[in-house]
Amino acid sequence: MSILTISRCGAALFFVALVAGCSSTKPTAEEKASATTTTPARASNECKSNRKQCLHEGSYDVGERAYAEDEAKRLNLAESQRLRRLFDK
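Under mature numbering (1 follows the signal peptide of the UniProt record, and there is no 0), residues -25 to -1, 1 to 64 are what the sequence shown spells out, in order.
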């Protein structure tokens, strides 16, 4: 292959990639809403990359401790149910 052929193929691939990136559609409102919902797996992945982000330091506000404990129970239950479904197959 000559240099000219390689450069033409490279330019064509670049143009195709550019057009593909610019022509993608925006997510709908429903897709945006589902993307912002935190699932236990997503929360777990966020905590794996930055553990300090998930730790609470300092005192809790009134009722916040009970909420945090209830939320932790809910997330643990959801994750255990997800794992059961995954491994029961």
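Backbone N, C-alpha and C define an ideal beta-carbon position, used for all residues, glycine too.
Beta carbon of residue i nearer than 8 Å to that of residue j
i     : j     : result
Gln28 : Glu21 : yes
Residue range of the unbroken alpha helix (DSSP H) whose run includes residue i
i        : result
Thr(-21) : -23 to -4
Asp45    : 39 to 62
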